[in-house]
Each structure stands twice: as C-alpha cells, then as structure tokens.
DNA sequence: ATAATTAACATGTAAATGCATCTAAAATGA
DNA sequence: TCATTTTAGATGCATTTACATGTTAATTAT
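Chains as they are written, first to last, in this note's numbering: chain L, 104 to 241; chain A, 104 to 241.
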C-alpha cells in the first residue's frame with residue numbers, strides 16, 4: 104500500500120525528470136535550427152493518421168488551448184508542413200494532413216530528440232530518479 | 104539490460120503522465136482564481152530557503168529563461184509575494200525572499216495542487232502508466 | 001592599478017499565448 | 001419546420017515569452 108507522501112515524491116521525480124529532458128531536447132532542437140517540441144508532437148500525430156485529423160481532436164489529445172492551436176496550425180500550414188482541407192460532411196470543420204515536407208522535418212527532429220531521450224532516460228536511471236515511482240508498487 | 108525502445112516508451116509514458124496531471128492541476132488553480140504552477144514553484148523554493156535566494160540560482164534550478172524569470176520576479180514582487188533586497192557583498196545582484204502573503208498563497212495553492220497529485224498519480228498507477236518505467240529495470 | 005572579460009540582472013521588441021468573442025454550421029427540440 | 005442551443009474554428013486584444021542587447025558590478029589578466 105503506498106501512502107500519500109509516496110505519490111507526492113513520485114510526482115516530484117516525474118516532473119523534474121521530464122522537465123529536464125524536455126528542456127535539454129528543446130534547446131538542442133532550437134540550436135540546430137529546428138522548431139520546438141510541440142511542433143514535433145503535431146507532426147507525429149499527423150504522421151500516424153493516414154486519413155488526417157480534425158483540429159479539435161488533435162487539440163484535445165495534445166492538451167492545447169483552442170485558440171493557440173488554431174494559430175499553431177496556421178503557422179505550420181504556412182510553413183508547408185501540413186494542409187487544411189474542408190472536412191467532408193461537416194461544413195464547419197477542417198481536416199489536417201501532414202505533407203512530405205512535414206514528414207521530412209519530423210524525421211530530422213527525431214534524430215535529435217531520440218538522442219536526448221536515450222541519454223536523458225539513461226541518466227535518470229543512473230541517478231535513481233525513478234526510485235520514487237518504483238516505490239509506489241510495494 | 105533494457106534496450107533503446109524501452110527508454111522511448113518510458114519517456115512517452117513519463118511525458119504523457121506529467122502533462123496530463125500538470126494540465127489538470129493548472130486548470131483547477133486558474134479556475135479557482137490562483138496563479139499558474141510556475142508561480143507555485145518559485146514560492147516553494149523560496150519558502151524552503153530561509154536566507155533567501157539569488158535570482159540566478161533560482162532561475163537555473165527551475166530552468167527558467169533569464170529574461171522571463173526577471174519579469175516573473177518583478178510581477179511577483181508587485182503582487183507582494185516576494186521581496187528583492189540588494190545582495191550583501193555583490194552590487195550586481197539581488198536576494199529574493201518570500202513574504203507572509205507569499206506563504207499564504209502557496210499554502211492555498213498547495214491544497215488544490217496536492218489533490219491533483221494524489222488523484223493523478225493514483226490514476227496513472229491504476230492505468231498502468233508506469234509500466235514502461237518499471238520495465239527499464241529488468 | 002587598470003584594461004579586458006565575465007557575470008547578474010533589466011529592458012526593448014517581436015512573436016506566442018490565452019481569454020473573450022465572433023462567425024458559420026450542426027444538432028436539438030418545440 | 002423554424003427557433004434555440006451547441007460545436008468547430010478563427011480573430012481581436014492584453015499579457016507573457018524569449019531573443020538580443022544594455023547597464024552596472026565583479027573577476028581576471030596584463
């Protein structure tokens with residue numbers, strides 16, 4: 104049985120580990136002239152959806168603010184990373200699809216992101232950062 | 104020995120769990136008329152430092168951007184949550200100290216934050232969200 | 001000692017965020 | 001069917017962010 108303090112400790116560990124890795128990966132991406140990680144997330148979800156996705160759907164999945172996401176999509180469309188078609192059967196909506204350019208960018212970003220995930224998780228492990236999470240299960 | 108794909112999976116789990124919990128807690132705080140969680144983080148670090156902290160130190164610990172943190176501190180000072188004294192022995196620097204008002208706000212925010220940590224971690228556990236992290240250790 | 005470099009923090013500015021609001025199109029229901 | 005409500009997405013606007021740069025003080029090198 105894990106008490107409350109263990110959940111707190113697990114959260115702190117979780118949060119610190121993720122923040123550190125995320126921050127380093129973003130810095131590396133920006134330093135290499137690439138966009139930030141939330142661009143990556145959008146590209147990744149779109150790449151996994153061959154039939155495209157509705158903005159609302161993606162926005163909720165990625166926990167974006169609605170208006171921010173609307174503009175995010177506009178920026179990415181302007182950069183040629185995705186297209187916005189009118190949604191068949193729903194005159195209000197759009198369907199987003201990744202472009203070849205988007206796929207290429209995602210792959211390039213992944214090369215950097217992957218390295219940081221590998222290093223960051225390995226380091227966290229070595230530092231025992233996951234111990235509080237493991238402790239939840241006793 | 105854990106291979107690379109396991110680190111990826113652990114990262115995805117980590118990231119999703121933290122993002123979800125963080126997002127919910129922030130929504131709840133804002134809905135209750137409180138500031139966002141990075142305000143909380145600053146207050147918490149200051150509360151644990153009876154002699155105060157230098158902005159640079161805090162900024163690096165919390166992985167803030169330098170200029171953003173400078174303005175963040177200015178806002179919090181304006182709201183009476185912390186004070187900025189000249190640093191003894193360093194004419195360039197400041198020392199930040201939490202105020203009583205800051206302590207009160209932190210405690211109020213914690214009541215909400217704590218609940219979300221408890222629920223969020225418990226839910227993640229129930230959903231098996233930590234499995235990929237546990238898998239790292241086989 | 002003093003000149004050159006580095007460090008701490010602030011600020012100008014352009015871009016991003018998020019709340020409130022708007023428009024147009026479904027869905028609901030009387 | 002026609003009026004009401006809800007939903008998808010865009011946009012105006014004030015706040016926030018982050019890069020670049022400025023200012024002042026400490027450190028280092030000559």
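By construction, the Cβ of each residue, glycine as well, lies at the ideal position given by its N, Cα and C atoms.
Is residue i close to chain A? Criterion is C-beta to C-beta, closer than 8 Å.
i	result
residue 210 of chain L	no
residue 126 of chain L	yes
residue 113 of chain L	yes
residue 191 of chain L	no
residue 225 of chain L	yes
residue 104 of chain L	Caution is warranted here: a pLDDT of 49 is assigned to residue 104 of chain L, below 50, making its placement in the model unreliable, and the coordinate value is therefore given only provisionally. It does not: the Cβ of residue 104 of chain L has no partner Cβ on chain A nearer than 8 Å.
residue 151 of chain L	no
residue 117 of chain L	yes
Tell me, please, which residues DSSP counts as bridged to residue i.
i	result
residue 201 of chain A	A/185
residue 156 of chain L	L/199
Under a three-way DSSP split, which group does residue i fall into?
i	result
residue 117 of chain L	helix
residue 239 of chain A	helix
residue 132 of chain A	helix
residue 231 of chain L	coil
residue 254 of chain A	The question about residue 254 of chain A has no answer, for chain A in this structure spans 104 to 241.
residue 223 of chain L	helix
residue 137 of chain A	coil
Could you tell me whether the Cβ of residue i comes closer than 8 Å to any Cβ of chain L?
i	result
residue 233 of chain A	yes
residue 215 of chain A	no
residue 168 of chain A	no
residue 164 of chain A	no
residue 236 of chain A	yes
residue 230 of chain A	no
residue 139 of chain A	no
residue 239 of chain A	yes
Contact defined as beta carbons within less than 8 Å: I believe residue i pairs with residue j. What is the distance between those atoms, to the nearest angstrom?
i	j	result
residue 117 of chain A	residue 117 of chain L	6 Å
residue 185 of chain L	residue 208 of chain L	No, residue 185 of chain L and residue 208 of chain L are not in contact; Cβ-Cβ is about 10 Å, not under 8 Å.
residue 201 of chain A	residue 146 of chain A	6 Å
residue 93 of chain A	residue 165 of chain A	Not covered by the structure: residue 93 of chain A. The range shown for chain A is 104 to 241.
residue 157 of chain L	residue 196 of chain L	6 Å
residue 162 of chain L	residue 183 of chain L	Not confirmed; about 21 Å, so no contact.
residue 160 of chain L	residue 167 of chain L	Rounded, the Cβ-Cβ distance is 11 Å, inconsistent with contact.
residue 115 of chain L	residue 114 of chain A	Incorrect: roughly 18 Å between the Cβ atoms, too far for contact.
Compute the Euclidean distance between the alpha carbons of residue i and residue j, then round it to the nearest angstrom.
i	j	result
residue 105 of chain L	residue 187 of chain L	Bear in mind that the predicted position of residue 105 of chain L carries a pLDDT of just 49, short of 50, making it unreliable; the figure below should be weighed with that in mind. The alpha-carbon atoms of residue 105 of chain L and residue 187 of chain L are separated by roughly 48 Å.
residue 198 of chain L	residue 206 of chain L	17 Å
residue 236 of chain L	residue 155 of chain L	36 Å
residue 134 of chain A	residue 128 of chain A	10 Å
residue 211 of chain L	residue 108 of chain A	18 Å
residue 178 of chain L	residue 171 of chain L	11 Å
residue 120 of chain L	residue 234 of chain L	12 Å
residue 231 of chain A	residue 190 of chain A	48 Å
residue 216 of chain A	residue 229 of chain A	20 Å
residue 112 of chain A	residue 222 of chain A	23 Å
residue 136 of chain L	residue 130 of chain L	10 Å
residue 169 of chain A	residue 126 of chain L	14 Å
residue 218 of chain L	residue 153 of chain L	27 Å
residue 180 of chain L	residue 214 of chain L	23 Å
residue 194 of chain L	residue 122 of chain L	40 Å
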